[in-house]
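Residue numbers (the working numbering), protein chains in the order written: chain A, 656 to 1001; chain B, 15 to 319.
Remarks on the structure that follows.
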Amino acid sequence: MTNPSVDTHVLPGDRVGAEPLLAVDNLHVEFKTRQGLVRAVNGVSYALSAGETLAVLGESGSGKSVTAQAIMGILDMPPARVPKGEIRFHGTDMLKVSEEARTQIRGQRIAMIFQDALSALNPVFTVGWQIAEMFRVHRGMSKREGFKKAVELMDRVRIPAARQRVNDYPHQFSGGMRQRIMIAMSIALDPEVLIADEPTTALDVTVQAQIMELLAELQRESNMGLILITHDLGVVADVADKIAVMYAGRIVEHANVHDVYNSPAHPYSKGLLESIPRVDLKGQDLYAIKGLPPNLLDMPTGCAFHPRCPYRRDNCVTDVPPLYEISGTRSSACHYFREVLDGTAG
Amino acid sequence: MSNATITQQPAKHTDVKAEKPASLWSDAWYDLRRNKVFLIGALLALILILVSAFPQLFSHINAYDPATCDLKNARKGITSEHWFGTDNLGCDTYSRVIYGARVSILVGIITTVITTVVGGGMGLVAGFFGHWSDILLSRLAEVFFAIPPILGALLILSVIGRDSAGVGTVVMALAVLYWPLLLRIMRAAVISAKSQDFVVAARALGASSGRIMLRHILPNAVAPVIVTATLNLGAFIAAEAGLSFLGVGVQSPTISWGLMISDARPWFLAQPEPLLFPALFLSITVLAFVMLGDAVRDALDPKLR
């Protein structure tokens, strides 16, 4: 794990101890399009410590994946631009280091897995070749050593008969197995942070649970920080420690998982929770948040959620709510979080 | 995913499934070996390459030796000594056809290699790096693309000078006019491969730009280029014959089928053999490479089936 080209960026005694493993601070990302400037991420901040799981929750277009891509440094720039903000990994702002230093960090220290594992694997190479490539490129191993490691890793992510399947191609695996291979590739070099961008969305429910279990287990073994990006509240309940709920490029609620589940402090999180289908409410109409997510080209004034919010008052239309701190571990970007917590009005 | 179903299938079927290889290339090779069009095309191409490399194996008469031509035997029909008859200078048409294969095959292969490497390489760069390199290379390609090929080749070859025209100049003229086609095809394939998730994933897992370009994009973009290159091979051979026929391609004493056709034209009605045989061999050669190209396309691009 010693990597001089990266470590030199951290000065000795540079409040490393005080820094979380990974901190996103007031991050802004915008895209230049023909229609105008799209502000996909507007001041997102979150932190992740080793061994911790942070779930980033939000619907499509809320900026959760863009934030992750900015952390990885895989945004296409242009059209993307990061006008403001910091992404600190071990205290070093990743946005300021050279591209070579970032290439060193990608895959080795921060890795990522994707939603659709079939399209995320190269169709012309065997899975063994692709896993072994990680070792050959980054660890200078020989082909044989790499393949041995690939088999070990495939065993570790519970692919049955790994030795026989190491020379199979991605399309010969089922969806769940492909995701396991993707996970094997991402954990190959023992990264400190793993970002999982909707890792289970393309899978059926039973396989979803297995993959989440596998991720949680691998995390326990290696004490890595895990950022779990999802739009599925059900997926995160068991594995996440903290939740960051995103809406229109901002974090609207940041809290421990149990706090959010027990008493959401933002009308949007509350709406998300209420729209989970429940067995005990069978036969009743399923709750849905009214309206549609905002057009990022033409954002509502004030609080971006106000056109859909049952707690809306006059000042929501004009004043952008700051992220109010409710307690040490919990914050909400709603002027009326107290009413939301109490469940009054609406 | 097939594991579950395989157990319920008859054993014979599973055997076939298990034998069938899975990668694009081994799958394509599997298809090709069973494709009659490919086998016939490949056999013909192989024979032609052998003929052009070792013409002395196929003809005891060295067509390049002027002493073998005998004016007394001029314009004789098919005899046991002269299988394809003799031309108006008394040279043996069969040996000339055999020795003429070399120019056709050389022009076809060298032009294909040059256009593929130059056009394909530029297409890879243009597609992968985009932005100004794409604008620059694509516009440059369009300039050459706009020139009508036959006219362009006539122009280039007459400017270079008819004295120095040979295999090299014909290859150059054709390469200059046809590389933009390969650039376009490679560029389009690279751009479509570049936007695929596995390229983003490779980047997220720490692959460098060069590695992404050569390992992840090139193997996924090269198939249409190979198909076009194989199909072009036949076209280049035909183009060489055409240019030589028009008098701007290779020049006598070099033996070329196009030149032979041109030389035999005035006596065609009196004695057709010196024109018919090179024309027949030219057609067979072009056909062989077109068959190869078609078979390769079918194998590499299953969507067209």
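Beta carbons: idealized from backbone N, C-alpha and C, even for Gly.
Cβ-Cβ distance between residue i and residue j below 8 Å
i, j, result
"PRO738 of chain A", "LYS687 of chain A", "no"
"LEU996 of chain A", "ALA920 of chain A", "yes"
"LEU191 of chain B", "PRO233 of chain B", "no"
"LEU776 of chain A", "GLN785 of chain A", "yes"
"VAL862 of chain A", "GLY889 of chain A", "no"
"VAL184 of chain B", "LEU257 of chain B", "yes"
"VAL679 of chain A", "GLY904 of chain A", "no"
"VAL241 of chain B", "ARG198 of chain B", "no"
"SER276 of chain B", "PHE259 of chain B", "yes"
"ILE119 of chain B", "SER73 of chain B", "no"
"PRO846 of chain A", "MET879 of chain A", "yes"
"GLY307 of chain B", "MET200 of chain B", "no"
"VAL782 of chain A", "VAL821 of chain A", "yes"
"THR82 of chain B", "ASP101 of chain B", "no"
"LEU296 of chain B", "GLY122 of chain B", "no"
"VAL684 of chain A", "ALA710 of chain A", "no"
"ASP262 of chain B", "ALA179 of chain B", "The amino acid at residue 262 of chain B is misidentified as Asp; the sequence shows Val. The answer is yes: Cβ separation under 8 Å."
"ALA252 of chain B", "LEU58 of chain B", "no"
Three-state secondary structure assigned by DSSP to residue i
i, result
"THR861 of chain A", "helix"
"ILE981 of chain A", "strand"
"TYR942 of chain A", "coil"
"MET227 of chain B", "helix"
"ASP9 of chain B", "In the structure displayed, chain B extends from 15 to 319; residue 9 of chain B sits before or after that span and is not available."
"PRO976 of chain A", "coil"
"LEU677 of chain A", "strand"
"ARG968 of chain A", "coil"
"PRO738 of chain A", "strand"
"ILE119 of chain B", "helix"
"HIS74 of chain B", "coil"
"ILE174 of chain B", "helix"
"ALA179 of chain B", "coil"
"VAL184 of chain B", "helix"
"MET200 of chain B", "helix"
"PHE98 of chain B", "coil"
"GLY114 of chain B", "helix"
"LEU219 of chain B", "coil"
"GLU908 of chain A", "strand"
"GLY926 of chain A", "helix"
CB contact below 8 Å: residue i versus chain A
i, result
"PRO238 of chain B", "no"
"ARG201 of chain B", "no"
"LEU219 of chain B", "yes"
"ALA215 of chain B", "yes"
"SER222 of chain B", "yes"
"ARG320 of chain B", "This structure leaves residue 320 of chain B out entirely; chain B is present only between 15 and 319."
"LEU314 of chain B", "no"
"PHE143 of chain B", "no"
"LEU38 of chain B", "yes"
"ARG225 of chain B", "yes"
"GLN22 of chain B", "Legend: pLDDT at GLN22 of chain B = 42, less than 50; position of this residue unreliable, value from coordinates given subsequently. By this cut-off, GLN22 of chain B is not an interface position."
Chain B contact for residue i (CB, 8 Å cutoff)
i, result
"ILE729 of chain A", "yes"
"HIS793 of chain A", "yes"
"PRO778 of chain A", "yes"
"PHE790 of chain A", "no"
"HIS767 of chain A", "Inspection of the sequence shows that residue 767 of chain A is occupied by Met rather than by His. So, interface residue."
"GLY762 of chain A", "yes"
"VAL856 of chain A", "This sequence places Thr at residue 856 of chain A; Val is not what is there. Output row for THR856 of chain A: interface = no."
"SER982 of chain A", "no"
"SER774 of chain A", "yes"
"ASP859 of chain A", "no"
"MET840 of chain A", "yes"
"THR758 of chain A", "yes"
Proximity test, residue i beta-carbon vs the ligand COA heavy atom, cut-off 7 Å
i, result
"PRO949 of chain A", "Among the components modelled here there is no ligand, and therefore nothing to report on the ligand COA."
Exercise. Quick one: complete beta strand (DSSP E) runs, 3+ long, within the segment 246–288 of chain B?
Worked result: none
For this session: Check whether the segment 212–225 of chain B touches the segment 147–163 of chain B, taking contact to mean three or more Cβ pairs, one atom from each stretch, closer than 8 Å.
Result: no
Problem set entry | Cβ contact check for the segment 772–780 of chain A and the segment 836–847 of chain A: 3 or more pairs under 8 Å | yes
For this session: Tell me the start and end of each unbroken beta strand (DSSP E) in the segment 814–873 of chain A that is at least 3 residues and wholly inside, in chain order.
Result: 848–852
Problem set entry | Given 8 Å, three or more beta-carbon pairs between the segment 853–862 of chain A and the segment 880–888 of chain A | yes
Exercise. Of all the alpha helix (DSSP H) runs that stay within the bounds of the segment 744–783 of chain A, which reach a length of 4 or more residues?
Worked result: 754–760 and 772–775
For this session: Assess, as a yes-or-no matter, whether the segment 700–719 of chain A is touched by the segment 746–753 of chain A under the definition of 3 or more beta carbon pairs within less than 8 Å.
Result: no
Exercise. Looking at C-beta atoms only, is the number of pairs between the segment 218–227 of chain B and the segment 284–301 of chain B that lie closer than 8 Å three or more?
Worked result: no
Exercise. Counting Cβ pairs closer than 8 Å, one from the segment 955–966 of chain A and one from the segment 915–933 of chain A, do we hit at least three?
Worked result: yes
Exercise. Are the segment 266–282 of chain B and the segment 106–125 of chain B touching, with three or more C-beta to C-beta distances below 8 Å?
Worked result: yes
Exercise. Any contact of the segment 716–732 of chain A with the segment 894–904 of chain A, i.e. 3+ C-beta pairs under 8 Å?
Worked result: yes
Exercise. Looking at C-beta atoms only, is the number of pairs between the segment 201–210 of chain B and the segment 92–112 of chain B that lie closer than 8 Å three or more?
Worked result: no
Exercise. Any contact of the segment 40–56 of chain B with the segment 88–97 of chain B, i.e. 3+ C-beta pairs under 8 Å?
Worked result: no
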